[in-house]
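2 protein chains.
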Amino acid sequence: MPKLNCIFGVMQSILENIAKHVVLTSEEQALFLSKTETKQFKAKTILLSAGEIATCTYFVNSGILRSFNINDNIIEHVLHFACEGWWIGDMYSYISRKPGNLFIEVLEEAEVVIITKENHQKLYQEIPKLERFFRILAENSLVSHQERLMDNLSITAEERFEKFCSKYPTLIQRVPQKHIASFIGVTPEFFSKMKARLLKK
Amino acid sequence: MPKLNCIFGVMQSILENIAKHVVLTSEEQALFLSKTETKQFKAKTILLSAGEIATCTYFVNSGILRSFNINDNIIEHVLHFACEGWWIGDMYSYISRKPGNLFIEVLEEAEVVIITKENHQKLYQEIPKLERFFRILAENSLVSHQERLMDNLSITAEERFEKFCSKYPTLIQRVPQKHIASFIGVTPEFFSKMKARLLKK
DNA sequence: ATAATTTCTTAACCTAGGTTAAGTGCTCTA
DNA sequence: TAGAGCACTTAACCTAGGTTAAGAAATTAT
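If you're matching them up, the sequences are chains V and B in order.
UniProt numbering numbers the first residue of the first sequence as 1 and each following residue consecutively.
UniProt numbering numbers the first residue of the second sequence as 1 and each following residue consecutively.
Written out as structure tokens, the structure reads:
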């Protein structure tokens, strides 16, 4: 595996991601990178478990992660997928410093940029522009959660599935369909039934 | 109606709200207030309609507003309530500058602090600390939307109602129950049935 | 390759919550 | 103070999606 390429890829990618919303000088870029750590994880690795306090935020350079919770009936619910160029974490636990409800798991071997809460806060002090970046990130995420919330209330599972397909076409091939079912808000059995119904058309 | 008291109340309130997360000098406070406008609205006033571009964000000093959308079947879905000390708006439309899907309506006569997008952006330039404030606001809002999303997938309408009651005890007395039904994600008829069932216990 | 484990499918049956409709209050407004 | 809307309730009936269970297919590990 061409490690150097990967590392290079990562670094570009997270800086590019930031550059979408704020302009950092090259010193600031270097400072930012010095406060991050990049790691490889194999599939099935659990980066965070429910009950733990989330001390890090993750940026995915390659591979796929998911966040999910497990309710009293031992049923998993996928909150989020994150593949190349996406951020993921347990925002509740991260900002409140209380034990969270989310698990974060690697679904497909991944290279992940890790920022600890400590470093994150130092970065806010040293590069105030990052407040703006993470504000915009949170606002965009909020908008997509609002949309998903309304979709769960006002459209059918079939329509949600179609939306998912057009929004995240690559994910369908890459993650087990039971997780997509969960993200959409139906059981794997119903998802399977629904898929068969759609194929007949 | 003691207009001066009201105005004074508003101003305190929004500055107090900001003071929860960032410290402004009194010059900055004055600058902030100079970029806002406070207005009274009667119940049933529509501040924003679906299809329009949201050019303002609202902070509620008194009264109650709600945001909702209307789907193809002419059914309303409440996204949000906002009473004293809450912010409300159509974040999607506001940040994308595209026509939104939300209506914002006054449910109970209200005094509202209005910030236009233009002024908001000037404020970001003149008081960069506000980036931090609105970052934190967006992050908190994100967390509560994530929780609501998971609740809609993993707990029953009855449990959601109980959560609503303990989270927003004052709203139950003040808002027509059909809107609470909608917020929770059930029809008014089912809500009524559920309430009767709960009273028997 | 082969066993072991996941994942996916199918099908019969079940239920939370939706729909329709009719009736009973409210509460504004005239 | 009437009466025109709203807001709420009740009840019969309906359906999207859940549950259970068992087998088939695909992965993964040995």
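Note that the Cβ used here is the ideal one computed from N, Cα and C, for glycine as well.
Nothing here was measured: the structure is a model prediction, and the numbers come from that model.
* To do: Spell out a yes or no on whether the region 129–143 of chain B and the region 96–107 of chain B are touching, meaning 3 or more CB-CB pairs, one atom from each, closer than 8 Å.
  => With a cut-off of 8 Å, the region 96–107 of chain B and the region 129–143 of chain B do not count as touching, because too few Cβ pairs lie within range.
* Asked: Do the region 156–167 of chain V and the region 144–163 of chain B make contact, defined as three or more Cβ pairs closer than 8 Å?
  -> The region 156–167 of chain V vs the region 144–163 of chain B: no contact.
* **Backbone secondary structure at B/Lys20 - three-state DSSP** => As a position in the second sequence, residue 20 of chain B is number 20, starting the count at 1. The answer is coil: DSSP assigns B/Lys20 none of H, G, I, E or B.
* Determine contact between the region 45–61 of chain B and the region 172–179 of chain V, defined as no fewer than three beta-carbon pairs at a distance below 8 Å. => Look at the beta carbons and you see the region 45–61 of chain B not touching the region 172–179 of chain V: under three pairs across the two are nearer than 8 Å.
* Beta-carbon proximity check, residue 203 of chain B vs B/Ala196, cutoff 9 Å -> Outside the displayed span of chain B (1 to 201) sits residue 203 of chain B, for which this structure offers no information.
* Measuring only between beta-carbons, confirm whether B/Leu153 sits less than 9 Å from chain V. => Working through the second sequence from its first residue, we reach residue 153 of chain B at position 153. So, interface residue.
* May I ask you to list the residues that DSSP assigns as paired with V/Val113? => In the first sequence, residue 113 of chain V corresponds to position 113, counting from 1. Residue pairing by DSSP puts V/Val113 in a beta bridge opposite V/Thr38 and V/Phe59.
* Residues within the region 113–140 of chain V neighbouring chain B, beta-carbon criterion of under 7 Å -> Taking 7 Å as the cut-off between beta carbons, the residues of the region 113–140 of chain V near chain B are Pro128, Glu131, Arg132, Phe134, Arg135, Ala138 and Glu139, in sequence order.
* At which residues does the beta strand (DSSP E) containing B/Ile74 begin and terminate? -> Position 74 of the second sequence, counted from the start, is the residue given in the question as residue 74 of chain B. DSSP places B/Ile74 outside any beta strand (DSSP E), giving it a letter other than H or E.
* To do: Pull up the DSSP beta-bridge partners for V/Val106, would you.
  => Numbered from 1 along the first sequence, position 106 holds the residue referred to as residue 106 of chain V. Beta-bridge pairing links V/Val106 to V/Leu65.
* What's the call for V/Leu198, buried or exposed, on a 16-neighbour Cβ count within 10 Å? -> The sequence position of residue 198 of chain V within the first sequence is 198, counting from 1. Classification for V/Leu198: exposed.
* For B/Thr57, count neighbouring C-beta atoms within 10 Å of its own C-beta (all shown protein chains included) and say buried if the count is 16 or more, exposed if not. => Position 57 of the second sequence, counted from the start, is the residue given in the question as residue 57 of chain B. Result: buried.
* For B/Leu149, which residues in chain V fall below 8 Å Cβ to Cβ? -> The residue you call residue 149 of chain B lines up with position 149 of the second sequence. The contacting residues are Leu79, His145, Arg148, Leu149 and Asn152.
* For B/Ala50, the three-state DSSP class (helix, strand or coil) -> In the second sequence, the residue the question calls residue 50 of chain B occupies position 50. Coil at B/Ala50, not helix or strand.
* In the DSSP assignment, find the unbroken alpha helix (DSSP H) run with V/Ala181 in it and report its ends. => Working through the first sequence from its first residue, we reach residue 181 of chain V at position 181. Note, V/Ala181: alpha helix (DSSP H), Gln177 to Ile184.
* To do: Could you work out which residue in B/Asp90, B/Leu65 and B/Ser34 is closest to B/Gly51 when comparing CA atoms only?
  => Counting from 1 along the second sequence, the entry for residue 51 of chain B is found at position 51. The shortest Cα separation from B/Gly51 among B/Asp90, B/Leu65 and B/Ser34 belongs to B/Asp90.
* Could you list the residues in the region 174–199 of chain V with a C-beta less than 9 Å from some C-beta on chain B, going in chain order? => The residues in question are Ser182 and Gly185.
* Asked: Closest Cβ-Cβ distance between V/Tyr92 and chain B: below 9 Å?
  -> Taking the first sequence and counting its residues from 1, the one referred to as residue 92 of chain V is at position 92. Yes, its Cβ sits closer than 9 Å to a Cβ of chain B.
* Asked: Using a C-beta cutoff of 9 Å, does B/Ser49 count as contacting chain V?
  -> What you label residue 49 of chain B is simply residue 49 of the second sequence in a count that begins at 1. Not flagged as an interface residue toward chain V: B/Ser49, since no C-beta distance is shorter than 9 Å.
* **Option in V/His77, V/Arg66 and V/Ile70 with minimal Cα separation from V/Cys83** => Mapped onto the first sequence, residue 83 of chain V falls at position 83. Taking V/Cys83 as reference, the option from V/His77, V/Arg66 and V/Ile70 with the minimal CA-CA separation is V/Arg66.
* So with Cβ pairs under 9 Å, would you call V/Ile18 a contact of chain B? -> As a working mapping, residue 18 of chain V is identified with position 18 in the first sequence. Output row for V/Ile18: interface = no.
* **Which residues DSSP lists as bridging B/Trp86, in chain order** => On the second sequence, position 86 is the one that residue 86 of chain B refers to. Answer is none; B/Trp86 lacks a bridge partner.
* Three-state secondary structure assigned by DSSP to B/Ile155 -> In the second sequence, counting from the first residue as 1, residue 155 of chain B sits at position 155. Coil at B/Ile155, not helix or strand.
* Which chain B residues are close to V/Leu142, counting only those with a beta carbon under 7 Å from its beta carbon? -> Counting from 1 along the first sequence, the entry for residue 142 of chain V is found at position 142. Simply Met91, Ala138, Ser141, Leu142 and His145.
* To do: Starting from the N-terminal side, write out each stretch of the alpha helix (DSSP H) that is 4 residues or longer and does not extend beyond the region 124–174 of chain V.
  => Every unbroken stretch of the alpha helix (DSSP H) spanning 4 or more residues and falling wholly within the region 124–174 of chain V is given here in chain order: 129–154, 157–167 and 169–174.
* With a CB to CB cut of under 8 Å and the five nearest residues on each side skipped, what residues in its chain are close to B/Val186? -> Here residue 186 of chain B is taken as the residue at index 186 of the second sequence, counted from 1. Ala157 and Met194, listed in sequence order.
* To do: Mind checking which residues open and close the alpha helix (DSSP H) that includes B/Pro188?
  => In the second sequence, residue 188 of chain B corresponds to position 188, counting from 1. Unbroken alpha helix (DSSP H) run through B/Pro188: Pro188 to Lys200.
* Closer than 7 Å at the beta carbon, the chain B residues around V/Asn69 -> For the purposes of this step, residue 69 of chain V is taken as the residue at position 69 of the first sequence. Chain-ordered, the chain B residues with CB closer than 7 Å to the CB of V/Asn69 read Met150.
* Beta bridge counterpart(s) of V/Ile14 as assigned by DSSP -> Indexing the first sequence from 1 puts residue 14 of chain V at position 14. Answer by DSSP bridge pairing: none, since V/Ile14 is not bridged.
* To do: Would you mind sorting B/Asn73 into buried or exposed? The rule is 16 or more other CB atoms within 10 Å of its CB.
  => As a working mapping, residue 73 of chain B is identified with position 73 in the second sequence. With fewer than 16 other beta carbons inside 10 angstroms of its own, B/Asn73 counts as exposed.
* To do: Under 9 Å between beta-carbons, which chain V residues line up against B/Ile53? List them in chain order, please.
  => Within the second sequence, the letter at position 53 stands for residue 53 of chain B. The contacting residues do not exist; B/Ile53 stays about 15 Å from chain V at best.
* Asked: Comparing alpha-carbon positions, which option in B/Ile75, B/Lys98, B/Glu111 and B/Phe103 lies nearest B/Gly85?
  -> Here the question's residue 85 of chain B lines up with position 85 in the second sequence. Of the residues B/Ile75, B/Lys98, B/Glu111 and B/Phe103, the one whose Cα lies closest to the Cα of B/Gly85 is B/Glu111.
* Going by DSSP, name the residue or residues bridged to V/Ile95. => For this step, residue 95 of chain V is matched to residue 95 along the first sequence. The bridge partners DSSP lists for V/Ile95 come to none.
* Say whether chain V places a C-beta atom closer than 9 Å to the C-beta of B/Asn61. => As a position in the second sequence, residue 61 of chain B is number 61, starting the count at 1. False, the Cβ-Cβ gap to chain V never drops below 9 Å.
* Would B/Ile88 count as contacting chain V if we go by Cβ distances under 9 Å? -> If you number the second sequence from 1, residue 88 of chain B lands on position 88. Closer than 9 Å: no.
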